[in-house]
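*Asks:*
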Amino acid sequence: LEFKQIRNNINNYIGKEQFVKGQAFSIKDLLIADNKIFVSFTNEKRKDCWNTSIIYGELNYNKINFKPLFIPSECIHSKNNVDKVFEPLQSGGRIVVFNRNTLLLSTGEYRSRHLAQNKKSLMGKILKINTKNKKVEIISMGNRNIQGLTYDKKNNIVLFTEHGPRGG
48 LEFKQIRNNI NNYIGKEQFV KGQAFSIKDL LIADNKIFVS FTNEKRKDCW NTSIIYGELN
108 YNKINFKPLF IPSECIHSKN NVDKVFEPLQ SGGRIVVFNR NTLLLSTGEY RSRHLAQNKK
168 SLMGKILKIN TKNKKVEIIS MGNRNIQGLT YDKKNNIVLF TEHGPRGG
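In terms of our numbering, the sequence shown opens at residue 48 and continues consecutively.
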């Protein structure tokens, strides 16, 4: 096998400075659909304030120019938050195709559990994201850390699994 590095600008969104903070601050999922590559990751929106975001780019074997698709303004501060606890592993990040121009994304609650039940928060949810106009709709809430997610188009069913407090 011969591997070739594809030039890209992913370091504009997630770079080695972030990985130094720990392995939990990382890329969560990657999806290739409609000749585009979508990447979800734990995003440091502001200093020590995190959310789950998506960038995307046209699939190109010479250079991929990533752009933001979903970068919410909401974030959870890792040191100064209501719950006095923070867990970046509870960030979700699974991406699947729902239908043409629409993705599903799971977001975790980073252990700020009250946000999963808050209709104004995007944390602890399954979101439907339109890839053309970037509109977001909550389709499931009250979730902790969904990482298994699929859409059964034939039966019109969204099926998901999430990690519980004892490892699964």
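Here a beta-carbon is modelled for each residue, glycine too, at the ideal position from N, C-alpha and C.
1) When the Cβ atoms of the segment 142-149 are set against those of the segment 159-169, are three or more pairs found closer than 8 angstroms?
2) If I follow the unbroken alpha helix (DSSP H) through valine 67, where does it start and stop?
3) When you compare each of Arg93, Pro119, Gln194 and Leu77 to glycine 104 by their alpha carbons, which one comes out closest?
4) Which residue wins for smallest C-alpha separation from arginine 141, given the options Ile53, Thr89 and Val129?
5) Is leucine 162 helix, strand or coil by DSSP?
6) For the beta strand (DSSP E) containing asparagine 146, list its first residue and its last residue.
7) Pair every Cβ in the segment 193-203 with every Cβ in the segment 121-130, then say whether three or more of these pairs are closer than 8 angstroms.
8) Please classify glutamine 137 as buried or exposed, where buried requires at least 16 neighbouring CB atoms within 10 angstroms.
9) Which residue's Cα is closest to the Cα of asparagine 192: Lys51, Gly139 and Phe66?
10) Here's the rule I'm using: 16 or more other beta-carbon atoms within 10 Å means buried, otherwise exposed. How should isoleucine 186 be labelled?
11) Please list the segments of the beta strand (DSSP E) lying wholly inside the segment 156-200, counting only runs of 3 or more residues, in order along the chain.
12) I'd like to know if the segment 52-64 and the segment 111-124 are in contact, where contact means that at least 3 CB-CB pairs between them fall below 8 angstroms.
13) Could you work out which residue in Asp95, Arg160 and Val144 is closest to asparagine 82 when comparing CA atoms only?
14) Assuming contact is defined by CB atoms lying nearer than 9 angstroms, are lysine 181 and leucine 116 in contact in what I supplied?
15) Aspartate 76 lies in the beta strand (DSSP E); which residues open and close that run?
*Replies:* On the basis of the coordinates in this document:
1) no
2) 63-67
3) Leu77
4) Thr89
5) helix
6) 139-146
7) no
8) buried
9) Gly139
10) exposed
11) 172-177, 183-188 and 193-199
12) yes
13) Val144
14) yes
15) 74-80
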